[in-house]
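Counting in UniProt numbering, the sequence shown runs from 1 upward without gaps.
In this text, a Cβ means the ideal position worked out from N, Cα and C, and glycines have one as well.
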Amino acid sequence: MLEVLSISQDDSVFALWPEEPSFSNTDGKIWFAGGLPHPGFQEAGNIITINFKGKKQGIAHVAFGQSKILADDGKGTNILVFLKEAKYFIREKPIAFETVEDIPLSVFSSTHPEQDQWYNNDNPSFQWSLMPDATGVSFILDQSPNTVPNNISEGLIQSKVFEEIADGVWYFHLISKNEAGWSEPVHYKVNIDSLSPYPFEVIIDNKGDVTNPKPDLYFETDDDISGISRYELKIGEGEFHSLLLANVNPFSMPFQSPGSHRIIVRAVDKAGNSVQANTLIDIEPIEVPVITIWPEKYIAGEEIFYLEGQALPEIEIIISLEENGQNVKEWYSKSNQQGEWSFSTKELIQSGIYSLSAKVQDERGAFSNNSDAHKIEVTLSGISLGVFTISFKGIILFLSLFLFLGFVFIGYLIYNVGQKKKILRRESREVRKSVSRGFELLEKEIKNQIEMFDSRPGFDKKERKLYDD
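Put into C-alpha cells, the structure is as follows:
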C-alpha cells in the first residue's frame, strides 16, 4: 500500500546514530537506532521524518516491531510501555467528469504513467481518447518538447507502441482532426534509462585495527542517464537494506561479531537498473578471557557459585552457562585494572551437566571468541515447580515461618478467649453485687413500709411473720 520515498534526519533530537536509518520497500520495513549523550531528552521531539507514497487504494498500516526506548539512568532501562499502530486510508484521485463537448484531447502511457519518473522500459506505449466527430490523428515521438506533428493522418487509431527507443528524454506529440480541422497539439514526456550504473568497488577502512567491530565502507559510482537513486547493503545472509545517499562515503557499518562477513553493495539508478559489488571483511576477535577458578560440582541452594579469571583490564565479562548447546544462564562481571575478575551468585540452577564459558566485550563493542568450556555438574538442593525453583533451605524457612505464624495465631486465640472469660467473670461479679444491693434496699424499704402502716416502730408477732415470709 505504501512506498518509502525518503527518510530525513533533519531537526532530529538524536545526535548519535549507531545504525543509520534505512529501509526496504520489498520487505516493507524501516530500521534505525539512535540516541544522544547525557542527560538525554525529556521533551517532545522529532526523531526521523519518513516520506511515503501511496501505491494503490486501500488501508495501509504502519506499526512498530521489536522496539526499545532506553532511559539515561546508567542501566539502559527499557521504559517503552506501548506503541500505537497508525492506519492510513489511501484513495484514488477523484475523476472529474465532463461533457463530451468539453473533453480535451489527452494522452496517457500505460508503460510510463508518471512523466517525471524514469523507467527502464524502452518500449513505450501511448493511449488516447478521440472526440466522436474525429476523422483522424497524427503523431510523432522525438526529443523536442514542442514539436507539432504534420497534417498527414495516421488513421482513426487510439494507441501506439514504439520499440527499442534509445535512452534519454522523449516526447510524444499528438493532434486530432475533425470537420473543423486539426486540433492543438498535446505533448507527453517519457524518461527512458535501460542501462545499469557503472561498475564500482567497495573499500573497507578499519582505522588500522583488525578488531574494529564497526569499520567504514567507501563506495561510489555514477549513472549517465537518470542518476543514482540509492545504494542497498547486504551483510552476510541478511537482507538488503536501502541506504540514503547522504549516509555513504563513509558508511559506518553496524556492530559486527568476529569472523568473515560477505558484503554486497548494490547501486540502483532512478529507473531501477542496478549493479552490485562484493567484498569480504575479516574482523579479528580481541583477546579471549581465561576462567581460572570454577566449581566442577555445585550444589545449588546450599553453596555459592564462585568464579575467577583473567582478561584484558577494565573490560566487560560475559559468562555463559549452556546445557545441550542452549544458553540457559548469562551473567556479567568486569575486570579490574590488573585484568582480574570474579563472579559469585546464590542463584538456584536445576540439576544437570552444564558447559561454562566466557567472552569479553570492550567499550567499542568488539567481542572476543568464547573461552575454553568447562564442565560443571549441578545438583539442586530443592524442588523445581515449572519455571520456579525453590531450595530445601527455602522450604524449611517457609515451613518454619508458617508454623511460627500458626503458633502466634493460636496463642492469640487462647489469649483472646482468656481475656473474654476475665471480662465475663468481672461482669458477673458486678451483676451479683448490683442484685444483692438491690435486694438489701428492697428489704429495707419493705420494713419501712410495714412500720409506717401501724404507726409503731418495730414489728409485732403478726408483722414479724409477714416480714419473714
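Which of the three DSSP states is assigned to Ile423 in this structure? Counting from 1 along the sequence shown, the entry for residue 423 is found at position 423. If DSSP states are grouped into helix, strand and coil, Ile423 belongs with the helices.
Quick one: Cα of Gly155 to Cα of Asn191, how far? Locating residue 155 in the sequence shown gives position 155, counting from the first residue. Locating residue 191 in the sequence shown gives position 191, counting from the first residue. Those two C-alpha atoms are separated by around 27 Å.
Rounded C-alpha distance that separates Leu141 from Val186: The sequence position of residue 141 within the sequence shown is 141, counting from 1. The sequence position of residue 186 within the sequence shown is 186, counting from 1. Straight-line Cα distance between these residues: approximately 12 Å.
For Tyr198, which residues in the same chain have their Cβ closer than 6 Å to its Cβ, ignoring the five residues on either side in sequence? On the sequence shown, residue 198 is found 198 positions in, with the first residue counted as 1. Taken in chain order, the residues that qualify are Thr221, Asp222.
Put Ser434 into one of helix, strand or coil per three-state DSSP. Residue 434 sits at position 434 when you count from the first residue of the sequence shown. Helix.
Whole-number beta carbon distance between Lys55 and Leu5, since they are thought to touch under 8 Å: Looking up residue 5 in the sequence shown gives position 5. Looking up residue 55 in the sequence shown gives position 55. 11 Å between Cβ atoms; not a contact.
Euclidean distance between Cα positions of Leu399 and Tyr298: For the purposes of this step, residue 399 is identified with residue 399 of the sequence shown, where counting begins at 1. For the purposes of this step, residue 298 is identified with residue 298 of the sequence shown, where counting begins at 1. Computed Cα separation, rounded: 25 Å.
Proximal residues to Ser342 (C-beta, below 6 Å), its chain only, five neighbours per side dropped: Numbered from 1 along the sequence shown, position 342 holds the residue referred to as residue 342. Around Ser342: Glu308.
Determine the direct distance from the alpha carbon of Gly365 to that of Pro39, and round the result to whole angstroms. If you number the sequence shown from 1, residue 39 lands on position 39. If you number the sequence shown from 1, residue 365 lands on position 365. Near 22 Å, if we compare the C-alpha coordinates of Gly365 and Pro39.
Please report the distance separating the alpha-carbon of Gly301 from that of Ile376. For the purposes of this step, residue 301 is taken as residue 301 along the sequence shown, with counting starting at 1. For the purposes of this step, residue 376 is taken as residue 376 along the sequence shown, with counting starting at 1. Whole-angstrom Cα-Cα distance: 16 Å.
For Gly406, is the beta carbon positioned less than 8 Å from some heavy atom of the ligand ADP? Ligands in the displayed structure: none, and consequently the ligand ADP is not present.
Take Ser257 and list the residues in its own chain whose beta-carbon comes closer than 8 Å to its own, dropping the five residues that flank it on each side. Here residue 257 refers to the residue found at position 257 of the sequence shown. Excluding positions up to five away in sequence, the list reads Pro213, Ile283, Phe367.
Please return the same chain residues whose Cβ sits closer than 7 Å to the Cβ of Glu340, not counting the five positions on each side in sequence. Sequence index remark: in the sequence shown, residue 340 carries index 340 (1-based). So the qualifying residues of the chain are Gln310.
Within the same chain, show all residues whose beta-carbon is closer than 8 Å to that of Asn123, passing over the 5 residues directly before and after it, in chain order. As a working note, residue 123 is residue 123 in the sequence shown. Taken in chain order, the residues that qualify are Thr111, Val161, Phe162, Glu163, Glu164, Ile165.
Which of helix, strand or coil does DSSP assign to Gly406? Here residue 406 is taken as the residue at index 406 of the sequence shown, counted from 1. Helix at Gly406.
Using the rule of at least 16 other Cβ atoms within 10 Å of the residue's Cβ for burial, across every protein chain shown, is Phe407 buried or exposed? Numbered from 1 along the sequence shown, position 407 holds the residue referred to as residue 407. So Phe407 counts as exposed.
Apart from the five residues just before and just after Ile291, which ones in its own chain have a Cβ nearer than 8 Å to its Cβ? For this step, residue 291 is matched to residue 291 along the sequence shown. Result list for Ile291: Leu307, Glu308, Gly309, Leu356, Ser357, Ala358, Ser371, Asp372, His374, in chain order.
Hey, is the segment 229-249 in contact with the segment 261-271, meaning 3+ C-beta pairs nearer than 8 Å? yes
Compute the beta-carbon to beta-carbon distance between Ala267 and Asn120, rounded to the nearest angstrom, for a pair I have assumed lies under 8 Å. In the sequence shown, the residue the question calls residue 267 occupies position 267. In the sequence shown, the residue the question calls residue 120 occupies position 120. With a Cβ gap of about 14 Å, Ala267 and Asn120 do not count as contacting.
I need the boundaries of the beta strand (DSSP E) containing Glu239, first residue and last residue. In the sequence shown, counting from the first residue as 1, residue 239 sits at position 239. That residue, Glu239, is in no beta strand (DSSP E); it is neither H nor E in DSSP.
Residue burial classification, Glu363 (beta-carbon count within 10 angstroms, cutoff 16): What you label residue 363 is simply residue 363 of the sequence shown in a count that begins at 1. Flag for Glu363 reads exposed.
Is the CB-CB distance between Val248 and Leu280 below 9 Å? Counted from its first residue, the sequence shown places residue 248 at position 248. Counted from its first residue, the sequence shown places residue 280 at position 280. Contact flag unset, no.
Thinking C-alpha only, which one of Asn324, Glu347, Asn369 is nearest Ile353? As a first step, residue 353 is located in the sequence shown; it is residue number 353 there, counting from the start. Checked all of Asn324, Glu347, Asn369; the closest Cα to Ile353 is Asn324.
Give the secondary structure of Leu280 by DSSP, where H, G and I count as helix, E and B as strand, and everything else as coil. The count along the sequence shown starts at 1 and reaches residue 280 at position 280. Residue state, collapsed to three classes: strand.
Please name the residue in Asp269, Ser381, Tyr332, Asn278 whose C-alpha comes closest to that of Glu303. Numbered from 1 along the sequence shown, position 303 holds the residue referred to as residue 303. The shortest Cα separation from Glu303 among Asp269, Ser381, Tyr332, Asn278 belongs to Ser381.
Secondary structure at Val417, three-state DSSP: helix, strand or coil? In the sequence shown, counting from the first residue as 1, residue 417 sits at position 417. Looking at Val417 - three-state DSSP - the assignment turns out to be helix.
Straight-line Cα distance separating Ser320 from Ile30: For the purposes of this step, residue 30 is taken as residue 30 along the sequence shown, with counting starting at 1. For the purposes of this step, residue 320 is taken as residue 320 along the sequence shown, with counting starting at 1. Roughly 32 Å between the two C-alpha positions.
Taking only the alpha-carbon atoms, compute the straight-line gap between Gln127 and Pro113 and give it to the nearest angstrom. Locating residue 127 in the sequence shown gives position 127, where the first residue counts as 1. Locating residue 113 in the sequence shown gives position 113, where the first residue counts as 1. Cα to Cα, the separation comes out at about 11 Å.
Sort Asp133, Asn46, Ser8, Ser436 by Cα distance to Phe52 and report the nearest one. On the sequence shown, position 52 is the one that residue 52 refers to. The shortest Cα separation from Phe52 among Asp133, Asn46, Ser8, Ser436 belongs to Ser8.
Close Cβ partners of Val107 (< 7 Å) along its chain, the five nearest in sequence each way excluded: Stepping through the sequence shown from its first residue, residue 107 is reached at position 107. Same-chain partners within the cutoff: Phe126, Trp128, Phe172, Leu174, Val186, Tyr188.
Quick check on the DSSP output: the beta strand (DSSP E) that includes Asp142 runs from which residue to which? Counting from one through the sequence shown, the residue named residue 142 turns up at place 142. Looking at the DSSP string, the run of the beta strand (DSSP E) that includes Asp142 is 136-142.
Between Val148, Leu195, Glu19, which lies nearest to Glu184 when the distance is taken from Cα to Cα? Position 184 of the sequence shown, counting from 1, holds the residue named residue 184. Cα-wise, what sits closest to Glu184 is Val148.
Buried or exposed (CB count within 10 angstroms, at least 16 for buried), Ile157: Locating residue 157 in the sequence shown gives position 157, where the first residue counts as 1. Flag for Ile157 reads exposed.
Bridge partners - Ala86, DSSP secondary structure assignment: Locating residue 86 in the sequence shown gives position 86, counting from the first residue. Val62.
Name the two residues that bound the continuous beta strand (DSSP E) containing residue 548. This structure leaves residue 548 out entirely; the chain is present only between 1 and 469.
For Ser196 and Val275, the rounded distance between their alpha carbons: Mapped onto the sequence shown, residue 275 falls at position 275. Mapped onto the sequence shown, residue 196 falls at position 196. Those two C-alpha atoms are separated by around 6 Å.
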